[in-house]
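Colleague: Numbering (the working numbering), first residue to last: 370 to 630. Where is the CB? At the ideal position from N, CA and C, for every residue including glycine. Remember, it's a predicted structure, so these values are computed and weren't measured experimentally.
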Amino acid sequence: MDLLSQRALVGGSTQGIGRAVAEALAERGATITLLARNEAALRAVAAALPAPAGQQHNFLVADFNQPATVQQQVREYLAQAEHSFDILVNNTGGPAGGPILEAPVEAFRAAFEQHLVCNHLLAQAVVPGMRRRGRGRIINVISTSVKQPLPGLGVSNTIRGAVGNWAKTLANELAADGITVNNVLPGATVTQRHTSLIAKKVEQTNQTTEEVEAAMLRGIPAGRFGQAREVAAAVAFLASEAAAYITGINVPVDGGRTSSL
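1) Is it true that the CB of A584 sits closer than 8 angstroms to the CB of V553?
2) Going by DSSP in three states, G466 sits in which element: helix, strand or coil?
3) From E610 to L470, what does the alpha carbon distance come to, in whole angstroms?
4) In whole angstroms, what separates the C-alpha of Q425 from that of Q576?
5) Compare the Cα-Cα distances from V524 to each of A536, Q483, A492 and report the closest residue.
6) If the criterion is Cβ atoms closer than 8 angstroms, does the pair R587 and D546 meet it?
7) Kindly list the residues whose CB is nearer than 7 angstroms to the CB of P419, restricted to its own chain and excluding five residues on each side of it in sequence; keep chain order.
8) Out of L491, T400, F606, which one is the CA nearest neighbour of V439?
9) Do G423 and G467 have their beta-carbon atoms positioned less than 8 angstroms apart in this structure?
10) So, at 8 angstroms on beta carbons, what are the nonlocal neighbours of V495 in its own chain, with the 5 sequence-adjacent residues on each side left out?
11) Which residues in the same chain have their Cβ closer than 8 angstroms to the Cβ of R388, if we skip the five residues on either side of it in sequence?
12) So what does DSSP say about R397, is it helix, strand or coil?
13) If you draw a straight line from the alpha carbon of A313 to that of P497, how long is it in whole angstroms?
14) State the start and end residues of the unbroken beta strand (DSSP E) segment that holds V351.
15) Let me confirm a value: V474 is counted as buried when at least 16 other C-beta atoms fall within 10 Å, else exposed. Which label applies?
16) From the DSSP secondary-structure annotation, give me the bridge partner or partners of T549.
17) In three-state DSSP terms, what is R587?
18) By how many angstroms is the C-alpha of A601 removed from the C-alpha of R502?
19) I'd like to check one pair, A531 with F481: are the Cβ atoms closer than 8 angstroms?
20) Report back the beta-carbon spacing between P518 and C487 to the nearest angstrom; my notes put them in contact at under 8 angstroms.
21) Contact check, F428 vs T402 under 8 angstroms by CB: the rounded distance?
22) Closer than 6 angstroms by C-beta to V581: which residues in its own chain qualify, once you throw out the five before and the five after it? Chain order, please.
23) Take N541 as the anchor and find which of I618, N459, K516, E599 has the nearest alpha-carbon.
24) Could you give the C-beta distance for L485 and N551, rounded to a whole number, given that I count them as a contact under 8 angstroms?
25) Can you check whether the CB of K516 is closer than 8 angstroms to the CB of P621?
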């Protein structure tokens, strides 16, 4: 399960699940390149990451709302670096909630670029290096809506499904090169997005926060919300050599909430 000598590029890694993933990979010996838009936060997180093997972590500044900038930053980094990436973790914040019929067309376009297009550009940038080494891991942090659409998340449900199908197609194309592509699907996990979705539900229904949370928990067999570190543990496993024969799958980390197999 160790990731010594591995180099990982982790998106959306200054907070929430992305930060937990960066920490979990670093704890196992990987050298982390953080990717997000807030330079001050990136600098602070990079300095705080574990370095049990003496790793020198770093970061790239780019906004996932600007796919061309994401592509340019990573390409320039790889052109100057003496290494490429062994692990790519695609992760970014989810689209705003709301009924699908009320969503403006632009919301779909923006989410498609932020999620699928950025994932695709990052994969295009790192796969050549993975192919040269005959090994690589691409792990997409998506949502359980890939398996089962979630009420009130119309745009997210639509785009997450597209990313899931993109990932499965990519997994089939890259398997013979020793590169695996898998999706981790968080359920209700304690993050800033989770808190904001609860707050919006409170506003819409005039319920209390406790009432909204209780209703959500009734749908989770485990009876609790997940923690970011639990999602990160699944990512770390899929990044390891132990998962070399696992590709093209969706792994829900949701306390049993998803009803489908």
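Modeller: With the structure as the only source:
1) no
2) coil
3) 44 angstroms
4) 47 angstroms
5) Q483
6) no
7) E392, A395, E396
8) L491
9) no
10) L378, V443, L447, S453, F454, L457, G505, I507
11) S382, V414, A597
12) coil
13) Residue 313 lies beyond the residue range present for the chain, which begins at 370 and ends at 630; the question has no answer from this structure.
14) What the structure shows of the chain is the stretch from 370 to 630, and residue 351 is not part of that stretch, so it cannot be assessed.
15) exposed
16) R506
17) helix
18) 25 angstroms
19) yes
20) That belief does not hold up - the Cβ atoms of P518 and C487 are roughly 22 angstroms apart, past 8 angstroms.
21) 6 angstroms
22) I567, K570, V571
23) I618
24) Their Cβ separation, rounded to whole angstroms, is 16 angstroms, which puts L485 and N551 out of contact at 8 angstroms.
25) yes
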